[in-house]
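Asker: Here's a structure for you.
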Amino acid sequence: MTLHPLSSSDAAPSLRPQQARPDTAAAYDSTWTEQSDARPPEGLERVMLPDGKIYVVLAVVLIIWIGVVTMLFRTDRRIDALERRLDQDIPEDPA
Amino acid sequence: MYRSVRALVVALLSGALVAGFLGQIPQLDILEQSARNLYFHVPMWFALMMGTVISAYHSFRYLQSGDRLRDIRAREAAWLALLFGLLGIVTGMVWARFTWYVGSGKWWNFDPKQSMAAVLLLIYGGYFVLRDSVEDPDTRGRVAAVYNLFAVVTMPFLLYILPRQLPSLHPGGEGSPAFTQTDLAPAMRWVFYPSVLGFLGLFWVLYTQRVRLSWIRKRLRREPEL
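Quick note, the sequences are listed as chains S and C, same order. For reference, each letter of the first sequence is one residue, going 3 to 97 in my numbering. For reference, each letter of the second sequence is one residue, going 4 to 229 in my numbering.
Right under this line is the structure:
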């Protein structure tokens, strides 16, 4: 198997302006050409942004779910208190 | 009534969850799929509004009648309004963090809509601080009811009027978004309105549960204390 060197016609045309440009212009390059416009997301954003930010919706629904569960637990605690009160009251009443 | 509402709530919210995640939505920059949060974040605020209005109504009736049950209803409605408001503001923070403030790492930037909502929650937090600071149940009921009537007056100002006068990133600042035909895609209306109904129903179910429990507790305590 032989690797064929690129013929001159296959060379990417984007190389040409670089060759034609004088070196003194490189210092005036803006960051626009050197960086991709999207900075790679970091930390939480790497978790939340993929797939069209669908995980933000998941987080929101989970927060609401936690709120509902909190309510459930508080109601439970209130029922417990009522049951304890009933247990206290029944021995007191001889009926 | 209660049971049928409860069944309806379960059906509506289940449907809203399924349709909310699977339904078609318009493709928008920045929002992308997070636009689906509309179905979950916005109903929190509708529930808060309903709660504050219910609470104020019962506070008003308490001042008229002195009926202790009215006071219980006012307190439970305000408590649940505060809960839904907290959920609304936290979900709003998470949503804003990954849309408005993406790349900046900010969770909170004092957007007028958010700040005013936080002020409203503090006002309603004050209602409970005030309640707990008064010993005598009759005085407590009256003082809290008067405070509550003032608190509900601030609600439309803090949630609607003031944020619309200030530059805000929050949508809905221009005109009346609830009544325009262009702000909400028709496909999303079919999920959004049932979801709002479902969460309002959820509020009512939780509210009814808590009122019933509080009423039992009051009757079990021989002394007329809440």
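In this text, a Cβ means the ideal position worked out from N, Cα and C, and glycines have one as well.
Quick one: what does DSSP say P166 (chain C) is sitting in, helix, strand or coil?
Answerer: Here residue 166 (chain C) is taken as the residue at index 163 of the second sequence, counted from 1. In the structure shown, P166 (chain C) sits in a helix (DSSP, three-state: H, G or I).
Asker: Name the chain S residues that come within less than 7 Å of E232 (chain C), Cβ to Cβ?
Answerer: One cannot answer for residue 232 (chain C) here, as it falls past the ends of chain C, which runs 4 to 229.
Asker: Assign W110 (chain C) to buried or exposed, taking buried as 16 or more other Cβ atoms, counted over all protein chains shown, within 10 Å of its Cβ.
Answerer: Position 107 of the second sequence holds residue 110 (chain C). Counting Cβ neighbours within 10 Å, W110 (chain C) comes out exposed, since fewer than 16 surround it.
Asker: Among C:L152, C:A188, C:G175, which one has its Cα closest to the Cα of F63 (chain C)?
Answerer: As a working mapping, residue 63 (chain C) is identified with position 60 in the second sequence. Residue C:L152 is the option with its Cα nearest to F63 (chain C).
Asker: Determine contact between the region 101-110 of chain C and the region 27-45 of chain C, defined as no fewer than three beta-carbon pairs at a distance below 8 Å.
Answerer: yes
Asker: Counting only C-beta atoms, is E85 (chain S) closer than 8 Å to chain C at any point?
Answerer: In the first sequence, the residue the question calls residue 85 (chain S) occupies position 83. By this cut-off, E85 (chain S) is not an interface position.
Asker: Is the beta carbon of A147 (chain C) sitting closer than 8 Å to the one on L133 (chain C)?
Answerer: Here residue 147 (chain C) is taken as the residue at index 144 of the second sequence, counted from 1. Here residue 133 (chain C) is taken as the residue at index 130 of the second sequence, counted from 1. Taking 8 Å as the Cβ cut-off, A147 (chain C) and L133 (chain C) qualify as a contacting pair.
Asker: Tell me whether R230 (chain C) is buried or exposed, calling it buried when 16 or more other Cβ atoms sit within 10 Å of its Cβ.
Answerer: Chain C is shown from 4 up to 229; residue 230 (chain C) falls before or after that span and cannot be answered.
Asker: Hey, how far is the Cα of D89 (chain S) from the Cα of L223 (chain C)?
Answerer: Here the question's residue 89 (chain S) lines up with position 87 in the first sequence. Here the question's residue 223 (chain C) lines up with position 220 in the second sequence. The straight-line gap from Cα to Cα measures roughly 11 Å.
Asker: Cβ closer than 7 Å: which chain S residues qualify as neighbours of R39 (chain C)?
Answerer: Here the question's residue 39 (chain C) lines up with position 36 in the second sequence. Residues of chain S passing the Cβ test: V59.
Asker: Put Q212 (chain C) into one of helix, strand or coil per three-state DSSP.
Answerer: Counting from 1 along the second sequence, the entry for residue 212 (chain C) is found at position 209. Reduced to three states, the DSSP call for Q212 (chain C) is helix.
Asker: Mark P189 (chain C) as exposed unless 16 or more other C-beta atoms lie within 10 angstroms of its C-beta, in which case mark it buried.
Answerer: As a first step, residue 189 (chain C) must be located in the second sequence, where it is residue number 186. It is exposed - the Cβ of P189 (chain C) has fewer than 16 other Cβ atoms within 10 Å.
Asker: From C:G69, C:G26, C:A10, C:Y127, pick the residue whose C-alpha is nearest to that of G54 (chain C); which is it?
Answerer: Within the second sequence, numbered from 1, the residue matching residue 54 (chain C) stands at position 51. Checked all of C:G69, C:G26, C:A10, C:Y127; the closest Cα to G54 (chain C) is C:Y127.
Asker: For V62 (chain S), go through chain C and note every residue whose CB falls closer than 8 Å to its CB, in chain order.
Answerer: Here residue 62 (chain S) refers to the residue found at position 60 when the first sequence is read from its first residue. Neighbours of V62 (chain S) on chain C, chain order: N40, F43, H44, T94, V97, W98.
Asker: If you compare alpha carbons, which of C:L203, C:R215, C:H173, C:G88 is closest to F113 (chain C)?
Answerer: Locating residue 113 (chain C) in the second sequence gives position 110, counting from the first residue. Residue C:H173 is the option with its Cα nearest to F113 (chain C).
Asker: According to DSSP, simplified to helix, strand and coil, what is I28 (chain C)?
Answerer: Locating residue 28 (chain C) in the second sequence gives position 25, where the first residue counts as 1. Of the three classes helix, strand and coil, the one that applies to I28 (chain C) here is coil, per DSSP.
Asker: Buried or exposed: which applies to Y210 (chain C), given that a residue is buried once 16 or more other Cβ atoms fall within 10 Å of its Cβ?
Answerer: Residue mapping note: residue 210 (chain C) aligns to position 207 of the second sequence, counting from 1. The residue in question, Y210 (chain C), is buried, as its Cβ has 16 or more Cβ neighbours within 10 Å.
Asker: Counting only beta-carbon atoms, is F101 (chain C) nearer than 8 Å to chain S?
Answerer: Working through the second sequence from its first residue, we reach residue 101 (chain C) at position 98. By this cut-off, F101 (chain C) is an interface position.
Asker: Cα separation between M96 (chain C) and D91 (chain S)?
Answerer: Position 93 of the second sequence, counting from 1, holds the residue named residue 96 (chain C). Position 89 of the first sequence, counting from 1, holds the residue named residue 91 (chain S). Rounded to whole angstroms, the separation of the alpha carbons of D91 (chain S) and M96 (chain C) is 47 Å.
Asker: Could you spell out the range, first to last residue, of the alpha helix (DSSP H) harbouring T55 (chain C)?
Answerer: Locating residue 55 (chain C) in the second sequence gives position 52, where the first residue counts as 1. Note, T55 (chain C): alpha helix (DSSP H), 41-68.
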